[in-house]
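Engineer: Residue numbers (our numbering), protein chains in the order written: chain A, 1 to 392; chain B, 393 to 784.
There are 2 protein chains.
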Amino acid sequence: MKSGYRTKIVGKWHLGHREQFLPLQHGFQEWFGAPNCHFQYNVTWRQGPNIPVYNNSLIIGRYYEDIKIDRGLGLSNYTQIMVEQALEYINRDTEEPYFLYWAPDSTHAPSYSSKKYLHSSIRDSYYGDAVREIDGGIGQILKAAKKDKSRDTLVVFTSDNGAALVSKDLAGSNGPLLCGKQTTFEGGFRVPTISWWAHGGPRGVSSEAGSHMDLLQTIAHMVGYNLPSSIVLDGRSILPILKNNSKLEDHPVFYYRGNLLYAMRLGAYKVHWYTWTTPPYELDKGIDFCPGVYMPNITTTHIQKQEPPLMYNLYRDPGEKYPIPNKYKEYRANIQLLEDTASKHKSELVPGKPVLEMCDQAVMNWSPPGCEAINRCLKPPPSKPYTCYWPH
Amino acid sequence: MKSGYRTKIVGKWHLGHREQFLPLQHGFQEWFGAPNCHFQYNVTWRQGPNIPVYNNSLIIGRYYEDIKIDRGLGLSNYTQIMVEQALEYINRDTEEPYFLYWAPDSTHAPSYSSKKYLHSSIRDSYYGDAVREIDGGIGQILKAAKKDKSRDTLVVFTSDNGAALVSKDLAGSNGPLLCGKQTTFEGGFRVPTISWWAHGGPRGVSSEAGSHMDLLQTIAHMVGYNLPSSIVLDGRSILPILKNNSKLEDHPVFYYRGNLLYAMRLGAYKVHWYTWTTPPYELDKGIDFCPGVYMPNITTTHIQKQEPPLMYNLYRDPGEKYPIPNKYKEYRANIQLLEDTASKHKSELVPGKPVLEMCDQAVMNWSPPGCEAINRCLKPPPSKPYTCYWPH
C-alpha cells in the first residue's frame, strides 16, 4: 500500500449515507458500522428505512431488524460488537502501523448497553450504563494498543459535541458550561480531549482550545508528512502541546450555526454576535436546549443580534455567566482584535458547495449495497426533491 | 497528657470570638489564626475593629495593621505564614501523634496570595491565584505528613460550603450544581472530600453523602475510642468507606437555614419543603446567590413552601434541574420514607440554646487578650444589646 499504514473506522459515520460519501470512498480501507445513529426506528417505513449496518462496502443488516436494540429495556449487544471489531483490528498479526477511528453511539438517545452493564451505573439510567460500557470498551482497547511496546501509538479520546440537554436527565451534563448541543454556547461546542502517547511527552493538562480539525495537521506533523499547500485547512498542528504542553499562539475557533457565524473564541476571550437557545415552537413541545437557564436578552428563543457584541473571559468565566460590560477596559482592550480576526476569516473563507439544501425521501437507505444477499432491500418511494427544513 | 496526642488549629476559627468560645477553651492545645475571616476592614472602627490574629491565648496583631493584606493588589503573605505554622508543627521532634486542623481563608473575598502566586493562575484573578497558593501549601503539608512512614496519618481535605457565587466571576464555581453558598440547593451545601490515609485502604471514589460531623465518629472508630453514649451526635462513622469503599446504609443529611428545615437528602433522593434564592432587596443591590438560573416557582426570591414537596434524584440529576413529577411512580415510591425520616428527626431533635439572637457592638474584638503588650487595645463603645438581624 502506498500510504504504509492500514485504516479502519468502527462505528458511526455521519458525513453522508449515499455510496459516494461513505468511508471507503474517503480513504478508509475498512468499515464496520452505520451511516447514521441508531435512533431512527421505523417499523412501518413511513419516515424511511431502518439504518443499515455495513461491513466494508456491503451491509450485513439493519438496526433493530438484525442488530437488535430493545429500546424499552435499553438493551443491545452492539457496543460489545464494536469493541470486538476494534480489538481484532489492533491485534492483527502485522507490524504495519494502523489508524483506527472508533465511534460508538450508544450514549445517543435512546441509550443502550449490554446485559453486563445494564443497571450497573449509580444513576441507574440507560445513559449511565452506556457510558460505563464505553468506558469498559476503551479500557480494553487501550490495553490492546499498549501491548506491543515497540509501537509509538497515539490515542485521542474526544467527543463531537457537548451533552444533549434536550434529553433532560436521561442523558449527559455539561457541568458548569452554558446550555447544550444545538447551541453556540460552551455547552454546545466545548468538549474535553484526553490523549495518551506511548513514546510521547510528559503528563500534563492544557487549557488551549483546539478542534477536531487540528488532528489532521497534528498527525501529519508527528509523522513528518508535508500536507499539500494547495488545500485549504482550518486546523493547525497541536503537536507542541502533546510533546511539551507548550502554550501555542492563540488560534480562533468559530461557532457557526448553518452559514451564520454566531460566535468566536480567541484565547481567553469569546465574542457572541448572535445568541439563541430554543425556538418557541420547540419549547411548546417540551424541547429545551438550555434548561433552567435565564439571562435577559442573551438566552433568547429568537436569534438575537448582539449590539455591541457580547464578550466573556472563558478562563475566568467558562460558564458564560458574566458578560464583560462594554465600557470596561478589558472589553475595549480586546474587541478590536476579535473583530479583526473574524473579518479576516470572513474575507478569506472559501465557501463549500451546499450539500444539505435539497432533501428527497427516495435517496434514503432503501436498497444499500449488499441488501439483496440478505433480503433487506426496500422499494424506494418516487423521487420528490424538496428544500430541506432543519428545525434546529 | 491524658489524650496521648497533641492538637493544633492553624487558621480561621468561626465558632465565637469571645474568650470562652475560642479554640484553646475547646480542646485545642495550640492555635495560630483568627476568630473570623479577614474580610472585615475598618480603618475608622465604625463597624468594629479589625480582626485580631492569635498565637495561642494572646493576640500578636490584627489583620491589615500587623498582618498585611493589600486588598487592591490582592497581595498578602498570610497563607505562607500558615503553611510555615503547619510544617513546623508536623516536623517537631516528637513521636507523639498529632491532630492538625489547617484552615486558610485566602479564597474568601477579598482574595489574596503572596507574590510568588499573584497573577500565576490562567484566569488571572486573585481567587485563582489564592487557590493555587493553597494547592501549593497542601503539597508541602502532605509531603511533610508523608515523611515519617511509621506514622499512620489520615489527611482529609474538604470545604465548609459551596462556592460563593455572590462574588460572581471573582470567585469559585459549583460546576453543575445549582446556586451557591447561602442557599439549600446543592451548590450551597455539597462539597467534595478527598482523603489520604498512609496505611489505609485501597484507592477509590465514593458517591456516599457525608458531613463534617461524621469526622468525629470516624476518627474515634479508627483509633478504637468509644465516645460516651450520653452525648447526642448527628454524624456517623464513615470508616468503612475509607477502609474498603463500602456502601453504607443511607443516612439523612439535613439542609437547614436558621431553624427551618428546607430540604433533606437520603441516598439518591433529595426533598425540598422550602426553596429560596436571594431576597429582592439584595437582588436590587446586585447580590445574587443563584446567578443565571431560573426555574419557575423553585428559584424564588421569597421563601416558597413546596406543596407537594419537590423531589430530585441526585444520582441522575445532581444539578437539581428536573424535579420528579409527584404523579410518577418514582416519587410515590420514595416520598413516604423521606417524610418519615424528617418527622423522626424533628421529634428526636434536642434544640440547642440560641447564641446568635442578641448582638452588641461592645463585645466585638476591641481589647482581646494580649492587646496591651502590642498596643492594639481599643476602647469598646457602651454596651447596647439588640436583636441581631441576619440579612441572609
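Where a beta carbon is used, it is the ideal one built from N, C-alpha and C, also for glycine.
It should be emphasised that the depicted structure is a prediction, and the values quoted were computed from it without experimental measurement.
Apart from the five residues on each side of it in sequence, which residues of its chain come closer than 7 Å, Cβ to Cβ, to M1/A?
Structural biologist: Within the first sequence, the letter at position 1 stands for residue 1/A. Because M1/A carries a pLDDT of 43, less than 50, the predicted location of this residue cannot be relied on, and the following value inherits that uncertainty. Cβ within range, chain order: n/a, list empty.
Engineer: Does DSSP put N313/A in a helix, in a strand, or in coil?
Structural biologist: Within the first sequence, residue 313/A is the residue found at index 313, counting from 1. Strand.
Engineer: Counting only beta-carbon separations shorter than 8 Å, does P393/A have a partner in chain B?
Structural biologist: Outside the displayed range of chain A (1 to 392) lies residue 393/A, so it cannot be described from this structure.
Engineer: Of the residues that make up the stretch 690 to 724 of chain B, which ones have a beta carbon closer than 7 Å to any beta carbon in chain A?
Structural biologist: Listed by position along the chain: Y707, R708, D709, G711, K713, Y714.
Engineer: Please state the DSSP three-state secondary structure of K560/B.
Structural biologist: Taking the first residue of the second sequence as position 1, residue 560/B is located at position 168. Helix at K560/B.
Engineer: Is M393/B helix, strand or coil when you go by DSSP?
Structural biologist: For this step, residue 393/B is matched to residue 1 along the second sequence. Confidence is the limiting factor: at M393/B the pLDDT is only 43, short of 50, which leaves the residue's position unreliable, though a coordinate-based value still follows. Correct three-state label for M393/B: coil.
Engineer: Could one say the Cβ of G684/B lies closer than 8 Å to chain A's Cβ atoms, at least one of them?
Structural biologist: Position 292 of the second sequence, counted from the first residue, corresponds to residue 684/B. Yes - at least one Cβ of chain A is within 8 Å of the one on G684/B.
Engineer: Using only the alpha-carbon positions, how far apart do A144/A and I90/A sit?
Structural biologist: Here residue 144/A refers to the residue found at position 144 of the first sequence. Here residue 90/A refers to the residue found at position 90 of the first sequence. Going by the C-alpha atoms only, they are around 7 Å apart.
Engineer: Of all the options P280/A, F39/A, F99/A, which has the alpha carbon lying nearest to the alpha carbon of G72/A?
Structural biologist: The sequence position of residue 72/A within the first sequence is 72, counting from 1. Residue F39/A is the option with its Cα nearest to G72/A.
Engineer: DSSP three-state label for K181/A, please.
Structural biologist: By one-based count along the first sequence, residue 181/A stands at place 181. Coil at K181/A, not helix or strand.
Engineer: If you reduce the DSSP assignment to three classes, tell me which class P296/A lands in.
Structural biologist: Taking the first sequence and counting its residues from 1, one reaches residue 296/A at position 296. If DSSP states are grouped into helix, strand and coil, P296/A belongs with coil.
Engineer: Determine which residues share a DSSP beta bridge with R62/A and list them.
Structural biologist: By 1-based counting over the first sequence, the position of residue 62/A is 62. Its beta-bridge partners are P52/A.
Engineer: I need the DSSP call for G579/B, collapsed to helix, strand or coil.
Structural biologist: Counting from one through the second sequence, the residue named residue 579/B turns up at place 187. Here G579/B sits in helix by DSSP.
Engineer: When you compare the CB of R203/A with every CB in chain B, is at least one pair closer than 8 Å?
Structural biologist: In the first sequence, the residue the question calls residue 203/A occupies position 203. No, its Cβ sits nowhere closer than 8 Å to a Cβ of chain B.
Engineer: Can you grab the Cα-Cα spacing for the pair W758/B / P441/B, in whole Å?
Structural biologist: Working through the second sequence from its first residue, we reach residue 758/B at position 366. Working through the second sequence from its first residue, we reach residue 441/B at position 49. Roughly 6 Å separates the two Cα atoms.
Engineer: Measuring only between beta-carbons, confirm whether K560/B sits less than 8 Å from chain A.
Structural biologist: Mapped onto the second sequence, residue 560/B falls at position 168. Chain A, which has a Cβ nearer than 8 Å to the Cβ of K560/B, makes this yes.
Engineer: Can you check whether the C-beta of R265/A is within less than 8 Å of a C-beta belonging to chain B?
Structural biologist: What you label residue 265/A is simply residue 265 of the first sequence in a count that begins at 1. No - not a single Cβ of chain B is within 8 Å of the one on R265/A.
Engineer: Under 6 Å Cβ to Cβ from C290/A, same chain only, skipping five residues before and after it: list those, please.
Structural biologist: Residue numbering aside, residue 290/A sits at position 290 when the first sequence is read from its first letter. The beta carbon of C290/A is closer than 6 Å to those of C179, T277, T299 in its chain, skipping five residues each way along the sequence.
Engineer: Can you tell me the Cα-Cα spacing of P644/B and E722/B, whole angstroms?
Structural biologist: Numbered from 1 along the second sequence, position 252 holds the residue referred to as residue 644/B. Numbered from 1 along the second sequence, position 330 holds the residue referred to as residue 722/B. C-alpha separation (whole angstroms): 19 Å.
Engineer: Run through the stretch 696 to 769 of chain B for me and flag every whole beta strand (DSSP E) of 3 or more residues, listed as ranges in chain order.
Structural biologist: 696 to 705
Engineer: Quick check on F99/A: does DSSP put it in helix, strand or coil?
Structural biologist: Position 99 of the first sequence, counted from the start, is the residue given in the question as residue 99/A. DSSP places F99/A in strand when its eight states are reduced to three.
Engineer: Rounded to the nearest angstrom, what separates T333/B and L492/B at their Cα positions?
Structural biologist: The structure shown does not extend to residue 333/B, since chain B is modelled only from 393 through 784, so no value can be given for it.
Engineer: Do you know offhand how far I533/B's Cα is from T545/B's?
Structural biologist: Taking the second sequence and counting its residues from 1, the one referred to as residue 533/B is at position 141. Taking the second sequence and counting its residues from 1, the one referred to as residue 545/B is at position 153. Their Cα atoms are separated by approximately 12 Å.
Engineer: Sorted by chain position, which residues of the same chain lie with C-beta nearer than 6 Å to W390/A's C-beta, five sequence neighbours on each side aside?
Structural biologist: As a working mapping, residue 390/A is identified with position 390 in the first sequence. Taken in chain order, the list of residues that qualify is empty.
Engineer: Return helix, strand or coil for Y389/A, following the three-state DSSP convention.
Structural biologist: Position 389 of the first sequence, counting from 1, holds the residue named residue 389/A. Annotated three-state conformation of Y389/A is coil, per DSSP.
Engineer: Using a Cβ cut-off of 8 Å (strictly closer), state whether S517/B contacts chain A.
Structural biologist: The sequence position of residue 517/B within the second sequence is 125, counting from 1. Answer yes: the Cβ-Cβ gap between S517/B and chain A drops below 8 Å somewhere.
Engineer: Is the beta carbon of T471/B sitting closer than 8 Å to the one on G529/B?
Structural biologist: For the purposes of this step, residue 471/B is taken as the residue at position 79 of the second sequence. For the purposes of this step, residue 529/B is taken as the residue at position 137 of the second sequence. Pairing T471/B with G529/B gives a Cβ-Cβ distance under 8 Å.
Engineer: What in chain B is Cβ-close to P176/A, meaning under 8 Å?
Structural biologist: Looking up residue 176/A in the first sequence gives position 176. Within chain B, the residues near P176/A are S565, N566, G567, P568.
Engineer: DSSP state of E422/B, grouped into three classes?
Structural biologist: Position 30 of the second sequence, counted from the first residue, corresponds to residue 422/B. In the structure shown, E422/B sits in a strand (DSSP, three-state: E or B).
Engineer: The stretch 101 to 125 of chain A: which residues have C-beta closer than 8 Å to a C-beta of chain B, in chain order?
Structural biologist: I122, R123, D124, S125
Engineer: Is the stretch 552 to 563 of chain B in contact with the stretch 639 to 659 of chain B, if contact means three or more CB pairs nearer than 8 Å?
Structural biologist: no
Engineer: DSSP three-state call for H272/A: helix, strand or coil?
Structural biologist: Your numbering for residue 272/A matches position 272 in the first sequence. Looking at H272/A - three-state DSSP - the assignment turns out to be strand.
Engineer: How big is the Cα-Cα spacing for P309/A and L260/A?
Structural biologist: Mapped onto the first sequence, residue 309/A falls at position 309. Mapped onto the first sequence, residue 260/A falls at position 260. Taking the straight line joining both Cα atoms gives about 15 Å.
Engineer: Output, in chain order, the set of chain A residues within a Cβ distance shorter than 7 Å of S599/B.
Structural biologist: For the purposes of this step, residue 599/B is identified with residue 207 of the second sequence, where counting begins at 1. I122, listed in chain order.
Engineer: Is the Cβ-Cβ distance between S603/B and G627/B less than 8 Å?
Structural biologist: Within the second sequence, the letter at position 211 stands for residue 603/B. Within the second sequence, the letter at position 235 stands for residue 627/B. Yes.
Engineer: Could you tell me how far apart the beta carbons of M311/A and Y269/A are, in whole angstroms, since I believe they sit closer than 8 Å?
Structural biologist: For the purposes of this step, residue 311/A is taken as residue 311 along the first sequence, with counting starting at 1. For the purposes of this step, residue 269/A is taken as residue 269 along the first sequence, with counting starting at 1. At roughly 6 Å, the Cβ-Cβ gap stays under 8 Å, so M311/A and Y269/A are in contact.
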